[in-house]
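Our numbering puts the first residue of the sequence shown at 818, with every later residue one more than the last. All C-beta atoms, glycine included, are put in the ideal place defined by N, C-alpha and C.
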Amino acid sequence: YFGVDYNHKVIDIQYDVTGLFLLVVGGSFALVFRTELADSGISFLQAGTYNTFLSMHAWVALASILLGIGGIANYLVPLMIGAEDMAFPRLNAFAYWINVPAIVTLLISMLFGWDSGWTAYPPLSLLGPVGYQMVFLAIFTIGLSSILGSLNLIVTMLMMRPKGMTLFRMPILCWAILATSIIQLTATQLIGQAFLMLSFERSLGMPFFKPIYDAAGVNIGGQPILFQHLFWFYSHPAVYVFVLPGLGVISELLPVFARKPLFGYRWVALSSLAIALVGFLVWGHHMFTSGYQPYLRVVFMISTLLVAVPTGVKFFSWLGTLWGGRLTFPTPMLFTLGAISVFLIGGLSGPILATAATDLFLHDTYFVVGHFHATIFGGFVFPFFAAIYYWYPKITGRMYNETLGKLHFWLMTPGFWLMSLAQMTAGTMGMRRRIADYDPALGVENVQLLVTIAGFVIAFSILIMIYNLFTSAEIGVLAGNNPWRSRSPEWQIPSPVPEHSYAKPIAVVGEPYDYGLAGSSYIAMAGAGDD
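Now the structure itself:
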């Protein structure tokens, strides 16, 4: 696992371990500056150092999510469609390994200073120390990795499906990853170009973003607003890159633990593509305060609110799947239900920021921070933990400790609810984000203390999960091939999955989620369950 290997299952472990490492590092940065914010006044972090920790938390955490998505996709897509490996195994390994020097560069950059915030808006990002250059190079390289990985995944899903597996017989998680890959392939290049342009302007003086005025006061240089357009044209679709795989995990797991078919399978599949499409039309709502033409606020407000339609399709599907099901509640199901509840809060707070009138008041406040974390935790973090617990027996051949898994859930869920709702409350009270100190007259000290306490509770719960995963790999109870009685192809082969996943080709003969229908089968393979 510590060397170059072309097997997609090995590359998955490499992605997952690296992603968990970055999750711990990024979370640790958050705990440092959250401790500073627990009380007003500067305690131990000066403003510049605070901004560095804040910026590093943002990009390291986002990198951990991208690597987590890479791990889920690498392991599951070939297994779920009955393929032996990814379409381009060598490219797959290359896409992972270029992340390693990029991550090292990103982490080292904080030693050289980087205090412009994670958005790196010029002109401030044009004036800082060499740490900026290192960050730009690291993010560009991580973006290149995601482009290569998404290209590989698209080709794999379109060209390597087995006999009988039409697009509308693919597992629903594959649809989510397909939509995610389309976004990564088309949008990531924009932020790569933006950071390259920043690098060229810093190093070579090319005036892309910094205004230069002649004697008559006419700007003959760059436009700072151009960077915001390039940045947000990628960065808002990137939110859907983060959450679409998580929403796919929710749709994948609910039928298993409800023992009934996924409600509205085709609409759920198409809703992922719809979210990916509409996601390219909404970047301007991040720039309501930037001074562009007022009528554009209406355009971006409407396009942003449209995202609620395909997202609502998923919620109706989840409710329809749960209704009347024979529900069981192991740890993966608990995290799946937790994801739905948390993502609902993220979704309901979204239209408040999508509406120009309220966004002008709440822009750059902690309300935005609370909304974003609810969206990411509900759309990715909770589903990611559900996926880890669900596929852990398939990867290791052993069961995790159920008691520790549920302890992880019951600590993390109320901890996150407290953190997110407290952040939104602070935002409505006027608390600005990205500042190291605040006026006690705002009355948010107790709220900020609650956010800090909740952050430490969440961190402790994640440490419990990591301990559970590593110890259970050695002493966990043998899981058997299919402990969840799933119909998906990966559960019909031995656990852990052998080097050559499928001894012979499979054929799809039915629908993927016909749980509870007597006599139904999904794949033609010895041992495939039809419950």
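With 16 as the cutoff for other CB atoms within 10 Å, does Val-921 come out buried or exposed? exposed
Meets three-Cβ-pair contact criterion under 8 Å: the region 982-997 and the region 1023-1039: no
Would the region 842-852 count as touching the region 1007-1024 if we require 3 or more Cβ pairs under 8 Å? no
Cα-Cα separation between Asp-1176 and Gly-1163, rounded to whole angstroms: 15 Å
Distance between beta carbons of Met-897 and Ser-1305, contact taken as under 8 Å: 6 Å
Kindly indicate which three-state DSSP category Tyr-1319 falls into: helix, strand or coil? coil
Separation of Ser-845 from Met-1229, as counted between CA atoms: 16 Å
Using a Cβ-Cβ cut-off of 7 Å (strictly less than) and excluding sequence neighbours within five positions of Gly-1260, which residues of its own chain qualify? Met-1246
Tell whether a beta-carbon distance below 8 Å holds between Gly-888 and Asp-829. yes
Can you name the residues that DSSP bridges to Ala-1191? Looking at the DSSP assignment, Ala-1191 forms no beta bridge with any residue, so it has no partner.
State the Cα-Cα distance for the pair Lys-1131 and Thr-1192, rounded to the nearest angstrom. 15 Å
Would you mind stating whether Ala-1296 and Pro-1210 have Cβ atoms separated by less than 8 Å? yes
Return the Cβ separation of Pro-1149 and Ile-1067 in integer angstroms, given the expectation that the two are a contact with Cβ distance under 8 Å. 10 Å between Cβ atoms; not a contact.
Thinking just about the alpha-carbon of each residue, which of Met-927, Asp-856 and Ala-1086 is nearest to the one in Val-842? Met-927
Under the DSSP definition of a beta bridge, which residues are partnered with Val-1325? Ile-1340
Measuring only the C-alpha atoms, how far is Tyr-1057 from Leu-995? 12 Å
Who are the Cβ neighbours of Leu-1396 in its own chain at under 8 Å, not counting the five residues just before and after it? Limits of the chain in this structure are 818 at one end and 1348 at the other, which puts residue 1396 out of reach.
CA nearest to the CA of Pro-1311, picked from Asn-1299, Pro-1322 and Ser-1303: Asn-1299
Is Met-982 closer than 8 Å to Val-1325 when the C-beta atoms are compared? yes
So what's Leu-1295 in DSSP terms, helix, strand or just coil? strand
Does the Cβ of Tyr-832 have 16 or more other Cβ atoms within 10 Å, making it buried, or fewer, making it exposed? buried
If you measure between the beta carbons of Ser-1289 and Met-1241, is that distance less than 8 Å? no
Quick one: what does DSSP say Asn-824 is sitting in, helix, strand or coil? coil
In chain order, what are the residue ranges of uninterrupted beta strand (DSSP E) at least 3 long that sit wholly in the region 1009-1039? none
Which residue or residues does DSSP assign as beta-bridge partners of Thr-1182? Arg-1249
DSSP state of Lys-1131 mapped onto helix, strand, coil: helix
Would you tell me roughly how many angstroms separate the C-alpha atoms of Val-917 and Leu-884, rounded to the nearest one? 11 Å
Should Asp-1348 be labelled buried (16 or more other beta-carbon atoms within 10 Å of its own) or exposed? Interpretation of Asp-1348 is limited by its pLDDT of 42, a score under 50 that renders its predicted location unreliable; the figure taken from the coordinates is listed afterwards. Exposed: under 16 other Cβ atoms inside 10 Å.
Write down the C-beta distance between Leu-1079 and Pro-1072 rounded to the nearest angstrom, noting that I regard them as a contact closer than 8 Å. 5 Å
Let me check you understand the geometry: is the CB of Met-977 closer than 7 Å to at least one non-hydrogen atom of the ligand NAD? What this structure holds is no ligand at all, so the ligand NAD is not there to describe.
Check whether the Cβ atoms of Met-1282 and Phe-1178 sit closer than 8 Å, and answer yes or no. no
Test item: CB-CB of Pro-1062 and Ala-1125 under 8 Å: no
What does DSSP give as the partner residues of Lys-980 in its beta bridges? Ala-1324
Identify whether Arg-1302 lies in helix, strand or coil by the three-state DSSP scheme. coil
Counting only the same chain and skipping the five closest in sequence on each side, list residues whose C-beta sits under 7 Å from that of Leu-970. Ala-890, Val-894, Ile-994 and Ser-998
Any Cβ of chain B within less than 8 Å of the Cβ of His-1103? Annotation note: the requested chain B is absent from the structure, which comprises a single protein chain.
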